[in-house]
Structures are given as structure tokens and as C-alpha cells.
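Undergrad: Numbering (the numbering used here), first residue to last: 1 to 569. Just passing along the structure, written as C-alpha cells.
Put into C-alpha cells, the structure is as follows:
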């Protein structure tokens, strides 16, 4: 199956991306639509491509339509629609209310006639471009000192102890700075069915850098290069290969795994220093839906805004979803003063397209950041001049990079500090405190710098009990998937969603047989089911206490993988 079968390539906004444009060519569609076809149920770009290429295979994500059938399950209905269209089923994507599949253009169009189909989008192949920047930021220069990280440690004694942070990225390489705190690693990008990860690894080099900013303890540098939450635990969820390629469905499966293992590893934060060009409303975007599900489940989702500035409407998905915490990048100009700071030129700006939501939510240091190196990784080999020595001068332990991908983990680490101090905080409360305590900036606007610069010590010390409540509704996919739960019927659906791994206790995922999905103890408050309107729901009306998933091991194939490494200063 060639690259075309995986959908049109879209640029993955990852690490430090500054110069990359994404074009999805949308050709005109014949006015002679087949009888019964609903063009409102399909991504316009996919509609054009499928119409022009009826025999070509397309990788798609099928979201089920909302029904009022008690106990109905969205992923199961999506698979049934795929089967009726003679498509090749891929994976159940319960977290997005649907399933992935491969179908030819004619079958894709036929899906829009199916009453069980709510929306069809492309399972895009995403490619990453790195832009490691020269320079450095350490705890002895503005960077983390200027936003109050050491103050939070000393004043509140919080270092993130016991808080699990999922790093959904390219992997995490072992490091002295993370010793004993990578509590689980799972890989969705390579390997035979059931093959465990012998040890954590990061062939790309990006995820390790992100992990160090979250939770590195500075052991290899005598404390010079320390992350925000040096006591936090890390959960390594590898969804991007060494060559920088992945797919939307692979990201969804990684997010689904995080949800399934939330309780096992006390995952309270998910960092996603990645994104893809937003081509649809977040209401129809599967990544946005999955991010909302994690948020409602009690996991704070922190997402980089993207590195496609300085133009407007450049915030990527899932960062453009109103429920996630979206982070832009500040350039501190190498000084502790605020009056010479500026928004990094490449930091993506709002409002979001096409929904017009003000983003990012706040900014954090993101230029010339030093964090952990993944020896021998793609980044390491391409930019050896970015290596930074620790106490062992013979083996540099660190690496310099810039990007909103570096700003997001600073916020994720801050949340780990907040949760250690008050484990009862929900994502909506965390977001409210982060935005409410941010330091106002003399420059910028809600669509460039959000509420201002992250203030770590103020956020950790805040006692504000209010919650952030978006004025925007939940996504259509979230509404679709949750309906069956609301009428009191447990979900049961076989869900092959990862290819193996090992946790810190040596338990192989492949040794477990997972067959059902059970969502228990779901409580909704202040809702009238007789006149229920999903468009009016706010995220504080749901709490999820106990969620268990079961699945089977299955191989993962990532097609594409074209490199797109770009260097910027």
C-alpha cells in the first residue's frame, strides 16, 4: 500500500517548526452529487479527492452519527458502516467516537449516505520538521528562573512527586536525569505484534528533550539544567517514528492508551508538543475530540500552539480546541526583565480557523532551551553542534532547541507541581489558575500571548476554586461517543490499539488479554435529559472516576516517514 493510501501528507507541527506550509489541494466538485450523498458529512478536501479518484484508496477516520439507541456504541457502528461500504477496517477509535479504515474513493462517498456515519475525515500522514535553535536557556539565566520555578520549589516544596505525566511524542531515551521515573513505555510506531519495548528509547530525539523540560532533575549537570517538576513520573507514549512520520489514527491510539492507563500510572497530565494544520472546525476534528475526552476524564491536556507564526489563524490541532491548554512561546531576549521580552516570531497566533477562538491561552519560555539529549537520534546526528555538555565533558547529555514544543512542557511540569500540592484539582480548575495567575505583558493580545506569561509560583500557590468554562460547545465526536454512556449502558467493544510495551515493574502488555471496555461511575450534574442540548454543555458537568480498558495487541505500520528537518535561529 503506497503513501497515497494513507491520505494526503500534512505537516506535523512538532518540536521547533518555523518554516513549513501545508496545502491540501481541493478541486472543484461536480454539482451532480449522487442521490442521497451528504457533502456535510465529509471533509471538503476528501470529498474533492474521492470524487476525482473513485478507484484510489484513502485512509480515513469514520465518526459514527449520534443516535438515541440505548447502549449503542459509536466505534461499533462506525465499523459496521465501513463493512457495508466494503472497506478495510483499521482500528476502533473509541476516544474519537469512530474507527479508522481504508476505502476507495467511491466507497468513501458511499459512506456519506450511511445513516450510521456522522463525519468522514482523512487519516492524514503527518511529517515532522525540527528546527533546533542556537543558544541556551538554563536555570542560571532567565528562562525558568524568570517565571518562578525555583520559588515554587522552595516556597511550597512541590516538585511533582507521584504525578504521572504522559509524553505523547517520539519516545524518551534513558537518562541519569530521569532515572527511575520513566514508569512505563509503549510504542505505536514499530515492532512485531506483541513485541515489548526492551527499554525506553527515542530515535527521533524530540520527546526526550520535552521530557527533560518537564521532569529532568539535573543530575548530569549538577543541577544546571533542571526541569520544572524534577519529582514527577513520566509515561512514554511513542507515536512518532525516527523519520518524523505518523498518522492521525496513530496519535489517537496513543491518546486512547493514555486514557486506558490513567489509573495505573496516576496520569494527570498529557503533554502534546505536536500538532497538524487545522483544516476543519474543531467540532469535526478527531484529535480535538480525543483531547476533550482526556480532559473530561481528569487529564489536563497541554498542547503547543504551533510554530507557523507570525501570521494569524496558525494555531494547529489539537491546540485549537477550546478545552485544552494551548501554549505559545516567549523570547526572553536573554535577560530577566520583562520589558525587552517579545513573542517568538514563529509562535502561532489566533484566532483559530475556522472557529474564531482566541488562542493561545498563555505563553511560556520556548526559545533557546536546553534539555536532555537522545544520543544517536535523528536530531542528534543532524545537529551535533547543538549538543551541550553536562558534568561529563566526554559525553554531552543535553541539547539546545527552540519552539512552542519547548514551551508546552514547561506548563505541563507546572501542572505537576500544582497537582502535588492539591491532587483534587480538575483540568478546568488548573486551566483557570494558570490563566488567572499569568503575568500580564506590555505587548501582545489574546490571539498572540493569551492571558500572559506563565507564573509558576503564583499558579502553584493559587487557592482560586473557580473553573475555566469555555463558551464553545464540545465537539460533535465527543457528543456522539458519550451518548451511550449517558443512558446507562456500558460499552463493550474489541479494540486493538497498541503493539506492546513494558512498565517499570516488568509487566509486558502482550501478556494481558484485553477484550472489553468498561466505563464506570460516570456522573453528570445539572442536566435535564428531557431537553438535553449538547451544544450547551460545559466541561464541569462531568466527572469520570474509574475507567478501565481492554484491548488486544496488534502490529502498527507507519507509512511515509519523509524527513523534513529545517534549521532556524
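C-beta: ideal position from N, C-alpha, C; glycine also. Fair warning: this is a prediction, and the values are worked out from it, not measured in the lab.
1. So, do the segment 222 to 240 and the segment 175 to 185 have three or more beta carbon pairs nearer to each other than 8 Å?
2. Is residue 296 helix, strand or coil when you go by DSSP?
3. Taking DSSP as the reference, what is the three-state secondary structure of residue 204?
4. So what does residue 328 bridge to, in DSSP terms?
5. With a 10 Å radius around its C-beta and 16 neighbouring C-beta atoms as the bar for buried, classify residue 263 as buried or exposed.
6. Which of the three DSSP states, helix, strand or coil, is assigned to residue 289?
7. So residue 80 and residue 116 are in contact, right, with Cβ under 8 Å, and what is the actual spacing, rounded?
8. Would you list the residues sitting across from residue 98 in a DSSP beta bridge?
9. In its own chain, which residues sit with a C-beta less than 8 Å from the C-beta of residue 168, not counting the 5 before and 5 after it?
10. Between the beta-carbon of residue 338 and the beta-carbon of residue 407, is there less than 9 Å?
11. On the criterion of 16 or more Cβ atoms from any shown chain inside 10 Å, does residue 55 qualify as buried, or is it exposed?
12. In angstroms, rounded to a whole number, what distance separates the CA positions of residue 170 and residue 93?
13. Is residue 86 buried or exposed, if buried means 16 or more other CB atoms sit within 10 Å of its CB?
14. In chain order, which alpha helix (DSSP H) runs of at least 4 residues are fully inside the segment 201 to 267?
15. If you run the structure through DSSP and keep just helix, strand and coil, what is residue 304?
16. Assign residue 376 to one of two classes, buried (16 or more other C-beta atoms within 10 Å of its C-beta) or exposed (fewer than that).
17. Taking the alpha-carbon of residue 155 as reference, which of 319, 460, 224, 465 has the nearest alpha-carbon?
18. Please state whether DSSP places residue 378 in a helix, a strand or coil.
19. For residue 246 versus residue 208, is the C-beta distance shorter than 9 Å?
20. Would you tell me roughly how many angstroms separate the C-alpha atoms of residue 120 and residue 473, rounded to the nearest one?
21. How far does the alpha helix (DSSP H) with residue 78 in it extend, from its first residue to its last?
22. Secondary structure at residue 156, three-state DSSP: helix, strand or coil?
23. What first and last residue would you give for the alpha helix (DSSP H) that runs through residue 461?
24. Use the C-beta contact count for residue 122: other C-beta atoms within 10 angstroms, 16 or more gives buried, fewer gives exposed.
25. Going by alpha carbons, who is nearest to residue 322 out of 143, 355, 298?
26. Excluding the five sequence neighbours on either side, which residues of its own chain have a C-beta within less than 8 Å of the C-beta of residue 77, listed in chain order?
27. Does the segment 275 to 283 come close enough to the segment 93 to 113 to have 3 or more Cβ pairs within less than 8 Å?
28. Let me know if residue 424 comes out buried or exposed under the rule of 16 or more other beta-carbons within 10 Å of its beta-carbon.
29. Taking the C-alpha atoms as reference points, what is the distance between residue 445 and residue 200?
30. Opposite residue 169 in the DSSP bridges: which residues?
31. Quick one: grab the DSSP three-state call for residue 413.
32. Where does the unbroken alpha helix (DSSP H) through residue 47 begin, and where does it stop?
33. Thinking C-beta only, is residue 175 closer than 9 Å to residue 216?
34. May I ask you to report which of helix, strand or coil DSSP gives residue 428?
35. Just to confirm, are residue 99 and residue 90 a CB contact at a threshold of 9 Å?
36. Report back the beta-carbon spacing between residue 211 and residue 218 to the nearest angstrom; my notes put them in contact at under 8 Å.
TA: Put simply:
1. They touch, by the three-pair rule.
2. In the three-state scheme derived from DSSP, where H, G and I count as helix and E and B as strand, residue 296 is classed as helix.
3. Shown here, residue 204 sits in coil according to DSSP, grouped into three states, outside any helix or strand.
4. Note: residue 328 sits in a beta bridge opposite 363.
5. Under this definition residue 263 is an exposed residue.
6. In the structure shown, residue 289 falls within a helical segment according to DSSP collapsed to helix, strand and coil.
7. Indeed, because the Cβ distance is near 6 Å, the residues count as touching under 8 Å.
8. In the DSSP output, where bridge partners are listed per residue, residue 98 has 63, 93.
9. Contacts found: 237, 239, 251, 254, 255, 258, 270, 271, 272, 274.
10. Not in contact: residue 338 and residue 407 (Cβ atoms no closer than 9 Å).
11. So residue 55 ends up on the exposed side.
12. Rounded to the nearest angstrom, the two C-alpha atoms are 21 Å apart.
13. Residue 86 is exposed by the Cβ-count criterion.
14. Listed in chain order, the complete alpha helix (DSSP H) runs (minimum 4 residues) inside the segment 201 to 267 are 206 to 215, 248 to 260.
15. Strand.
16. With fewer than 16 other CB atoms across the displayed protein chains lying within 10 angstroms of its CB, residue 376 is exposed.
17. Cα-wise, what sits closest to residue 155 is 460.
18. The answer is helix: DSSP assigns residue 378 an H, G or I state.
19. Against a cut-off of 9 Å, the Cβ pair of residue 208 and residue 246 comes out as no contact.
20. Answer to the nearest angstrom: the Cα atoms are 20 Å apart.
21. Note, residue 78: alpha helix (DSSP H), 74 to 84.
22. The DSSP-derived three-state label of residue 156 is helix.
23. 456 to 461 is the extent of the alpha helix (DSSP H) around residue 461.
24. Here residue 122 is buried. Its C-beta has 16 or more other C-beta atoms within 10 Å.
25. The shortest CA-to-CA distance from residue 322 to any of 143, 355, 298 is the one to 355.
26. Non-local C-beta neighbours of residue 77 in its own chain, meaning closer than 8 Å and more than five positions away in sequence, comprise 64, 65, 67, 116, ordered along the chain.
27. Segments in contact, no.
28. Counting Cβ neighbours within 10 Å, residue 424 comes out exposed, since fewer than 16 surround it.
29. Straight-line measurement puts the Cα of residue 200 at about 40 Å from the Cα of residue 445.
30. Answer by DSSP bridge pairing, in chain order: 238.
31. Residue 413: helix per DSSP, three-state reduction.
32. Run containing residue 47: 44 to 52, per the alpha helix (DSSP H) assignment.
33. At the C-beta level, residue 216 and residue 175 come within 9 Å of one another.
34. In this structure, DSSP gives residue 428 a helical state, which the three-state scheme calls helix.
35. Yes.
36. Here residue 211 is actually not in contact with residue 218; their C-beta atoms are around 13 Å apart, not less than 8 Å.
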